[in-house]
Structure formats: structure tokens, C-alpha cells
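Numbering (our numbering), first residue to last: 12 to 121. From the three backbone atoms N, C-alpha and C, an ideal C-beta is built for every residue, glycine too. Worksheet: the structure to be examined is printed underneath.
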């Protein structure tokens, strides 16, 4: 529905350009241009901003999520240490949906 903001209809005889879903909104008005900028921002934030935020969250907690990275330990030992980290650091569970189904060494990759 955000793309409806860009669907304008031009009328003949210099009557103007109006939004197709609501003909009372002039596409050349300052208010519509402001909403168009907002629509562009939201279109960019959703596919790029959210994954970037998830990547940042995982990167900041990478030592807790992948405890065996610098140690040569088995996957099972790394999973146990990750579970201990989840108990010690309760805020780690808030991003658990991002990494819980992956092995510790592949927490960032699908």
C-alpha cells in the first residue's frame, strides 16, 4: 500500500495531477511531497535497515553466540557454553530467534 503514494493521475486541460486512490490529494502539493519522501524512506528501511540492525546485534554479541570461535572446541561444547551464556546474560535471549537454530560457528549465516 505504500506504493499507492506514487500512483498519480494526470488530468487534461491543466487540471492537475491527483492521487488515484484519493482524488482529493494533489500530487504537486507540499504535503504529498513530504509523504512521498516518507514513503521512500520506509521502502529503503525495511529491506536494508532491518537486516543491518540484525547484523549489528549479532556482531556485538558474537563472542557470546559463538563461544568456540577462538577456542578449538567441539560444536556440542560450544552449544553448551552458548546456553550458559544465555543464562548469565539475559539480554542475549532477546536476539535468540536470530541464531538459535544454527550451529555456533554459523550463527550469522543461513
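Following the DSSP letters along the chain, one finds residue 82 in no alpha helix (DSSP H), marked with neither H nor E. Classified as buried, residue 115 has 16 or more neighbouring CB atoms from the shown chains inside 10 Å of its CB. Within the model, the alpha-carbon separation for residue 94 versus residue 16 is close to 47 angstroms.
Counting the other CB atoms within 10 Å of its CB gives residue 78 a total of 16 or more, which places it among the buried residues. According to DSSP, residue 30 shares a beta bridge with 19. Taking residue 106 as reference, the option from 69, 113, 82 and 91 with the minimal CA-CA separation is 69.
Taking C-beta atoms as the reference points, residue 45 and residue 36 fail to come closer than 8 angstroms.
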